[in-house]
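Residue numbers (my numbering), protein chains in the order written: chain A, 66 to 321; chain B, 188 to 789.
Glycine included, C-beta positions come from ideal geometry on N, C-alpha and C.
These numbers were taken from a predicted model, which means no experiment stands behind them.
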Amino acid sequence: MKLKSFLFALMVLIGGTVAGFAESAGCAGIEAGTKAYNEGEFERAIDEWQNCIDNGFQNADLYYNLGNAYFRNGQLGLAIYNYKVALKLRPNDDDFKHNLEYAQAMTKDKVDDEEENPILSTLYKAHHAMSLKAQLFTLLALFWLIAVVSVLRILVHGDRAKNACTGAVFIVTIVFGIIGTSAAYKVFVTETEITGVVTAKDADITSAPNDRSQTLNTLSEGTSFEVLSEQGNFVEIRLGDAIRGFVKKSNVGIVK
Amino acid sequence: MKRVLLTCLALATFAAARPSLQVDRERIEAGQTFGLQFVVPLQELPANRDVIQIETKNGFTFMGLDSTDQLIRPGFEDMFESFFGGGGRAYKARIYTFKVRAPKRTGQIDVGQIFWTINGERQAVSGSIPVNVQRSYNDDALAVSLTPSKKSIYEGEQFYVTLGFHTFEHFEGNLQATDMNTGSDFIVHRSDLSNMEFKPVEGARREMQASAKFAWLSPTKSGNLQIPAFKFKYTKRGEPKIVEEKKQMGNMSFSSRSVKQESVETEAATPVVNINVKPLPAEGRPANFSGMVGNYSFDAQFDKDHLKVGEALTLSITIRGDGTPGTITDPKLPSFDDFRSVPPENSIDKKVSGGKVVTTKSIKIFLYPKKKGSFEIPEISYSWFDPAKRAYQSETLGPWTIEVEKGDATAEAAFMPAATRPTAVQKQEIEALGSDIRFIHKVSGKKESPTPHRDILFWILFAAAIPFYLISAGIIRRHRKHSSDAALIRKGKAKKMLKGKFASAHEAMKNGDTKAFYAALEAGLIDYLSDINNLEFKGMTRDQMKSELGKLGLDEGAIDKIDKWLEKCAFARFAPVSTTRDEQDAMLKSVEELCELVGSRK
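Below you can see the structure in the form of structure tokens.
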């Protein structure tokens, strides 16, 4: 009886959690923005969709669409920024990747990509085969599977059944370890590597976070960079090995 | 060099008298006055002589003449010669000292020639007099120059400046540029000076020079513009100083003098360069003048003139010229109303070619025809000012006719008039071509949550698996323990229960109820087996019972005995036989013994 009560409480908890992660809330501006985009009214589409995002409606497709509207409106930097946010929410979407690459090909400042290593490339693909969210829920399921099979192992009498349970736990644990390593690395990257995009026509890189400091370089619209820290109205950035300095927050978008 | 000997003395008269030429100092410095001494033994002086003269050249300036008589003592060489039978005695001589100022330039330079008028006839008494002129230690050891290729140019025209270095004998090194700013009036392309090569200056001791085209400039406005001085710092050897040192050794003191030269950090700067920048002539200026000044070429072409709806048309424009380095303005393009376009691709490249910076701009414009038909694209012009010809130049290309045919079904549908087809389909089809961004997605009404790793509920759910396992394992073990305890109690009560059954058998025996007697025996035996093994045998067939007893470890003999008794009881219950009381007593005893045997083996 007690076991049944415990299992019931657990199901309620799991159900609540999953429902929490799949929270549902609409935004009236989505359809209006789509209509405006289809009519070529890109500025109106931007207003509608941006309004939804500003009101807390987080959706990868919405960011992607907003990126398209900015691209069509000639605002390359904001287009790249929104594609990047969309990819952060859904890293495996081909359309997101295509449009981001297409927009980035049009920027003036570029950092050369490193030569591709086939082994690393394969590992990279495997690493990104599942999104972080999918990996975390898979890990949750696997962990529970290990717990359930372990309980089953206690319940069964025969040696063969017990060995089968032990083998199953061993295999599931290995799978759990592989996915867990990949997910842990993704969480590390998500929490430590923050990128940014120049959203203004150009952005001066200064030697210190103030208006009086020397201008070291100028980045053009759409240039992506690594964000090192935020200091007041300035962001400390790095681009490749050569460029490091501060840019005004108002000239860039930070992909968090 | 203490003494400069003449290579030859012209007159044989003076050959025996050994007249000689010498300078009055070790170092002749540029721009400084020095004494050129002409020494003539008194007995050798010509009788009918007039004033001795020097004719200077190469920038040497005669400043005055002094003469004095002196006793000349023989030097080491003269003593050597007298030892082996030559002259070598001290003699009186007249020394004529020509005060001459050295020119500003340095190197091995001929001073000129000395003449004497004897018997009314002017005669040369010396050949050429080469002396080594060096820079003063107080002067710069580095001379830098900045030479423009043109001093008068048009606004926007390109010119270059040559940077020259000349190092002198007392230059030590550590050359660094401290300011090479060309000001804000020019657009500049600088060259890399790291490969600049210094070469020795011919005829000058330890002097080097180097020069290179340093920068290509283009003025941004007209008027008299200046390129500010470029500044450099370096170290040079300073003026020799006599240093007196005193040393004390016991009660004795020594004094020594030495000449020391210290390194001095110095600055050098180029002179300010003035450039006269003329405005472009207003006469003949085209309406679409690009603003570029130089020698330019312009090309514009389409990659095809026949295509289908849905295909892309590329207009490639290339402009190349030697005007403002790194900058080329775009040509004015016609409006492509019948085409959809995406942002053009621009690339700009500059490289030094033929002593000039040539800038090339490439523009690629991608056009997608909206409908089928024949479209004329108007001509495209580009104009610039050519300073060599002092005239505006213009190049016009086109017009072009583009034939657009029907595309495939979907593409064709895409370019139907907006009144009959929704615009969305048009754009979607265009964007599906692959050379553009992909079309927008349908946004579900669901708010997408970020990754759950920041959600505490997710980790609670994760961690809940551990208490689930522990609690489940605990419950199972407790249940098993409880079951185990119930088996012990049942086993403990087995004999008591058996006695109860046997009492019932006694009662049946007393009453002469044979059927009840066998039923009580059978029930007693089965219940006893069930109690001691904690396994319910009631309801099993005899074969099942035998099998289970075997699994519980009971030996074959005991199992056979139990089976026989159960068969006997079953037979007696369904086909009653008349047995005496003694026989029933014996049977009861036998079953009791069997139960004890089974109980002892468990």
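According to DSSP, T271 of chain A shares a beta bridge with A:T280 and A:F311. Between the alpha carbons of L201 of chain A and Y128 of chain A lies a distance of about 23 Å.
Between the beta-carbon of D119 of chain A and that of H628 of chain B there is about 20 Å, and that puts the pair past the 8 Å contact cut.
Setting aside the 5 residues that flank it on each side, N306 of chain B is surrounded in the same chain by N235, each with a C-beta closer than 7 Å to its C-beta; the list follows chain order. Each residue's CA atom was taken as its position, placing Y146 of chain A and A229 of chain A some 51 Å apart. In the assembly as shown, A455 of chain B is a buried residue. Its beta-carbon has 16 or more other beta-carbons within 10 Å.
Within the model, the alpha-carbon separation for G737 of chain B versus R677 of chain B is close to 21 Å. In the DSSP annotation of this structure, the continuous segment of the beta strand (DSSP E) that includes K495 of chain B starts and ends at H493 to K495. For V430 of chain B, the number of other beta carbons within 10 angstroms of its own is below 16, and it is reported as exposed.
The straight-line gap separating the alpha-carbon atoms of Y189 of chain A and M195 of chain A is approximately 11 Å. For A660 of chain B, the C-beta contacts it makes with chain A under 7 Å involve V216 and I219, in order along the chain. Restricting attention to A:F290, A:R277 and A:A249, the CA atom closest to the CA of T264 of chain A is found in A:F290. Using a CB distance below 7 Å, the part of the stretch 188-213 of chain A facing chain B consists of L197, K198, L201, L205, F208, W209 and A212, ordered along the chain. In the structure shown, S445 of chain B falls within a strand segment according to DSSP collapsed to helix, strand and coil. Secondary structure of H376 of chain B (DSSP, three-state): strand. A direct Cα-Cα distance of roughly 23 Å separates V545 of chain B from L412 of chain B.
Taking the C-beta atoms as reference points, Y715 of chain B is found nearer than 7 Å to L685 of chain B. By alpha-carbon distance to P565 of chain B, the top candidate from B:E592, B:Q580 and B:D524 is B:D524. Looking at the DSSP output, F352 of chain B bridges to B:V331 and B:A397. In the DSSP assignment, F758 of chain B falls within the unbroken alpha helix (DSSP H) covering E743 to F761.
Taking a cut-off of 8 Å on C-beta distances, the stretch 464-476 of chain B touches the stretch 325-341 of chain B, as three or more cross pairs fall below it.
Annotated as distal: S409 of chain B and I374 of chain B, with beta-carbon spacing of 7 Å or more. Taking 8 Å as the upper bound on Cβ-Cβ separation, chain A lies near residues V630, S631, G632, K633, K634, E635, S636, P637, T638, P639, H640, D642, L644, F645, I647, L648, F649, A651, A652, I653, F655, Y656, I658 and S659 of the stretch 630-659 of chain B.
Counting along the chain, Q200 of chain A sits inside the alpha helix (DSSP H) bounded by residues L197 to L220. Inclusion of A280 of chain B and Q219 of chain B in the CB contact set at 7 Å is not warranted, their separation being larger than that value. Setting aside the 5 residues that flank it on each side, R507 of chain B is surrounded in the same chain by S484 and T547, each with a C-beta closer than 6 Å to its C-beta; the list follows chain order. Under the criterion of beta carbons closer than 8 Å, K537 of chain B and N475 of chain B do not qualify as touching, at roughly 24 Å. In terms of Cβ geometry, K434 of chain B and F441 of chain B form a close pair [threshold 7 Å].
The CB of R625 of chain B comes closer than 7 Å to the CB of D160, H163 and N164 in chain A, given here in chain order. None of the residues of the stretch 356-376 of chain B has a beta carbon lying less than 9 Å from any beta carbon of chain A.
A248, K251 and V252: these are the residues of the stretch 243-254 of chain A whose beta carbon lies less than 9 Å from some beta carbon of chain B, given in chain order.
Shown here, E426 of chain B sits in coil according to DSSP, grouped into three states, outside any helix or strand. Assigned with DSSP and collapsed to three states, D366 of chain B falls in strand. Counting only the Cα atoms, F385 of chain B lies some 18 Å from T457 of chain B.
Burial check for A273 of chain A: the Cβ neighbour count within 10 Å stays below 16, so the residue is exposed.
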